[in-house]
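Asker: Quick one: the structure is below, and I'll ask about it shortly.
Protein chains: 2
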Amino acid sequence: MNPKYLYVYNEVADKIENGEFSSNAKLPSEAQMMKKYGVSRDTIRKALTLLEQDGYIQKIKGKGSFVLDINTFDFPISGLTTFKELENKIGKKSRTIVKELELIHPNYFLMKQLKISKEDQVWKVVRIREIDGEKIILDKDFFRKKYVPVLTKEICQNSIYEYLEKQLDLKISFARKEIVAREATQQDKRYLDLQDYDMVIVVKNFVYLEDISLFQYTESRHRPDKFKFVDFARRKF
Amino acid sequence: MNPKYLYVYNEVADKIENGEFSSNAKLPSEAQMMKKYGVSRDTIRKALTLLEQDGYIQKIKGKGSFVLDINTFDFPISGLTTFKELENKIGKKSRTIVKELELIHPNYFLMKQLKISKEDQVWKVVRIREIDGEKIILDKDFFRKKYVPVLTKEICQNSIYEYLEKQLDLKISFARKEIVAREATQQDKRYLDLQDYDMVIVVKNFVYLEDISLFQYTESRHRPDKFKFVDFARRKF
DNA sequence: CAGTGGTCTAGACCACTTT
DNA sequence: AAGTGGTCTAGACCACTGT
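Order-wise, the sequence lines are chains A and B.
Residues in the first sequence are numbered consecutively from 1, following UniProt numbering.
Residues in the second sequence are numbered consecutively from 1, following UniProt numbering.
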């Protein structure tokens, strides 16, 4: 039983992505959409506001709502997009190799990052992402055992997120991301096809559940030439 | 005459930043805030929704709204933050050196990026950003003359954005950002203090006005060790 | 059970753009 | 003047959390 405004959001977003509403086209006015969907104006406005925030449309006072260009070609979309989602988008041959999977006690760094004590147990997962036969991304994930009691190699080979959300029913609500460049470590060089690069782009991810508990810390280490981050930002008033 | 919900948003955001509402604290309930500010529930909810989107708070059904940690120390905040704003935040000695300022006809690359014809004129501005005596960022800006008729060296030395928004009254509404790593060019090496680094982090920025016209393209080229990008992302439903 | 946030409605007035 | 989106209100019912 999804909310009505999400139904409208999804329908319009789909039409934009499919090209049924083409770039720069004017959407139906709020009044027209009220009739079409048989809902109140507020519900339509909620859907349109979301579409605007996500970069699908731009509302212009007195004129209407207009479809923005979506760069379907730019792949690593901002937000919380996971590797599994990316895979589908780029449609290239890709493979995940699980290098390490173990239950550990946190070292000082992890204790600080995850804000936990030495007694807490943490799953450590190290995976290599291969695209078109090249080992390009090194993913290190740390999950608190408190939230993820069981983890298997099979789950890690597929999407951990799917497991967390669909099986464990954990609700991820937001994340803080940090992007920096770092000198490649010995581990980077051993695990990845770094060619002549001596740096990696590091994306740190702090993932929070709905109740504000920090349950995962992730580090994604990318070969520089294969890294790309795309962001959509609205000016604050 | 600002809207009421923005008034509430700003007051609460300020209190969070000043520590009057400390981390993990529970905000007053919506009912209490209605009384306090003498506005309707919808107005309060609009303010709280904005605060949630911007990463200030987390709303939890049945419980209340809670203040999130804000990393005041992480400086390059996501969004459209400009160098001038950054300067104030980090509070370090910094300097802007204007290397080039001229009116040009676009080359093929710019024609494509800005979606303009060869006849359109474009301001080209090349600036070096120095922090703590080190030349760290190379900024290349291209503005369509159609929107920015006049540009002087003095304006470029200060904040171009302040000039555009306050003097020319151009309303910036959103931007698309792209972050990649690239081999350093001869120009990078000549203008910046790159030490031994042979790469730069390139942030490309496509800036749009309120009427969806693309009026600026910017390339910021950063020395890898001094680059940091912080993002806050909410899961899409 | 009372208190919380989430969704939805119907109606009002305003500011801006177009005809 | 007509049409558009922006703000604000008052009231309703729901789902979830705590006691």
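Note that beta-carbon positions come from the ideal geometry of N, C-alpha and C, so glycine has one too.
Being a predicted model, the structure only gives us computed values, none of them experimental.
Could you tell me whether the segment 92-112 of chain B touches the segment 52-60 of chain B, where touching means 3 or more Cβ pairs closer than 8 Å?
Answerer: No, the segment 92-112 of chain B is not in contact with the segment 52-60 of chain B.
Asker: Would you mind reading off the limits of the beta strand (DSSP E) that contains K189 (chain B)?
Answerer: Position 189 of the second sequence holds residue 189 (chain B). K189 (chain B) -> not in any beta strand (DSSP E); alpha helix (DSSP H) instead, spanning 186-191.
Asker: Across the segment 142-156 of chain A and the segment 172-183 of chain A, are there enough close Cβ pairs to call them in contact, namely three or more that are closer than 8 Å?
Answerer: Judged by Cβ distances under 8 Å, the segment 142-156 of chain A makes no contact with the segment 172-183 of chain A, as fewer than three pairs qualify.
Asker: Looking at chain B, is there any beta carbon in it that lies within less than 9 Å of the beta carbon of M111 (chain A)?
Answerer: On the first sequence, position 111 is the one that residue 111 (chain A) refers to. Not closer than 9 Å to any Cβ of chain B, the Cβ of M111 (chain A) fails to qualify, so no.
Asker: Contact criterion: CB-CB distance below 9 Å. Does A181 (chain A) meet it with respect to chain B?
Answerer: Here residue 181 (chain A) refers to the residue found at position 181 of the first sequence. Yes, contact with chain B.
Asker: How would you call G55 (chain B), buried or exposed, if buried means at least 16 neighbouring beta carbons within 10 angstroms?
Answerer: Here residue 55 (chain B) refers to the residue found at position 55 when the second sequence is read from its first residue. Flag for G55 (chain B) reads buried.
Asker: Sorted by chain position, which residues of the same chain lie with C-beta nearer than 6 Å to V203 (chain B)'s C-beta, five sequence neighbours on each side aside?
Answerer: Within the second sequence, residue 203 (chain B) is the residue found at index 203, counting from 1. Correct list, in chain order: I179, S220.
Asker: Based on DSSP bridge pairs, tell me the residues matched to A233 (chain A).
Answerer: Counted from its first residue, the first sequence places residue 233 (chain A) at position 233. Paired residue(s): B:A175.
Asker: F215 (chain B): buried (16+ other C-beta within 10 angstroms of its C-beta) or exposed?
Answerer: Stepping through the second sequence from its first residue, residue 215 (chain B) is reached at position 215. Per the 10 Å Cβ criterion, buried.
Asker: Might you give, ordered along the chain, the residues of its own chain that have their beta carbon closer than 8 Å to the beta carbon of L110 (chain B), omitting 5 neighbours on each side?
Answerer: Residue 110 (chain B) sits at position 110 when you count from the first residue of the second sequence. Only I116, V122, F142, Y217 meet the Cβ criterion.
Asker: Excluding the 5 residues flanking D14 (chain A) on each side, which residues of the same chain have their C-beta closer than 7 Å to its C-beta?
Answerer: Indexing the first sequence from 1 puts residue 14 (chain A) at position 14. If we look at D14 (chain A) and ignore the five residues flanking it on each side, it has no Cβ neighbours.
Asker: Could you check whether E130 (chain A) and S159 (chain A) sit closer than 9 Å to each other, using their CB atoms as the reference points?
Answerer: As a working mapping, residue 159 (chain A) is identified with position 159 in the first sequence. As a working mapping, residue 130 (chain A) is identified with position 130 in the first sequence. Contact: no.
Asker: When we look at the beta-carbon of S40 (chain A) and count the other beta-carbons within 10 Å, is it buried (16 or more) or exposed?
Answerer: For the purposes of this step, residue 40 (chain A) is taken as the residue at position 40 of the first sequence. Classification of S40 (chain A): exposed, given that the 10 Å Cβ count is below 16.
Asker: Closest by CA to L50 (chain A), which one among A:L138, A:L6, A:Q186?
Answerer: In the first sequence, the residue the question calls residue 50 (chain A) occupies position 50. Closest by alpha carbon: A:L6.
Asker: Leaving aside the five residues before and after K4 (chain B) along the sequence, list all residues of the same chain whose C-beta is less than 6 Å from its C-beta, in chain order.
Answerer: Locating residue 4 (chain B) in the second sequence gives position 4, counting from the first residue. Answer for K4 (chain B): V39, T43, listed in chain order.
Asker: Determine whether the Cβ of K135 (chain A) lies closer than 9 Å to any Cβ atom of chain B.
Answerer: As a position in the first sequence, residue 135 (chain A) is number 135, starting the count at 1. It does not; no Cβ of chain B falls within 9 Å.
Asker: Could you say which of B:F232, B:K177, B:A47 lies nearest to N2 (chain B) if we only look at CA atoms?
Answerer: Position 2 of the second sequence, counted from the start, is the residue given in the question as residue 2 (chain B). That would be B:A47, whose Cα lies nearest to the Cα of N2 (chain B).
Asker: Hey, out of B:K177, B:I128, B:N24, B:V67, whose CA is closest to V12 (chain B)'s CA?
Answerer: Residue numbering aside, residue 12 (chain B) sits at position 12 when the second sequence is read from its first letter. With distances taken between Cα atoms, V12 (chain B) lies closest to B:V67.
Asker: Run down chain B in chain order and give the residues with a C-beta less than 9 Å from the C-beta of P106 (chain A).
Answerer: As a working note, residue 106 (chain A) is residue 106 in the first sequence. Result: empty, since nearest Cβ-Cβ is about 19 Å, beyond 9 Å.
Asker: At a Cβ threshold of 9 Å, is N18 (chain B) touching chain A?
Answerer: As a working note, residue 18 (chain B) is residue 18 in the second sequence. No, no contact with chain A.
Asker: Under 9 Å, Cβ to Cβ, is there at least one residue of chain A near V122 (chain B)?
Answerer: As a working mapping, residue 122 (chain B) is identified with position 122 in the second sequence. No, V122 (chain B) does not count as interfacial toward chain A.
Asker: Can you tell me where the alpha helix (DSSP H) with K4 (chain B) in it begins and where it stops?
Answerer: Position 4 of the second sequence, counted from the first residue, corresponds to residue 4 (chain B). Counting along the chain, the alpha helix (DSSP H) containing K4 (chain B) begins and ends at 4-18.
Asker: State the DSSP-derived secondary structure class of L151 (chain B), mapped to helix, strand or coil.
Answerer: Counted from its first residue, the second sequence places residue 151 (chain B) at position 151. L151 (chain B) falls in the coil class under three-state DSSP.
Asker: How big is the Cα-Cα spacing for P28 (chain B) and V148 (chain A)?
Answerer: Residue numbering aside, residue 28 (chain B) sits at position 28 when the second sequence is read from its first letter. Residue numbering aside, residue 148 (chain A) sits at position 148 when the first sequence is read from its first letter. The alpha-carbon atoms of P28 (chain B) and V148 (chain A) are separated by roughly 33 Å.
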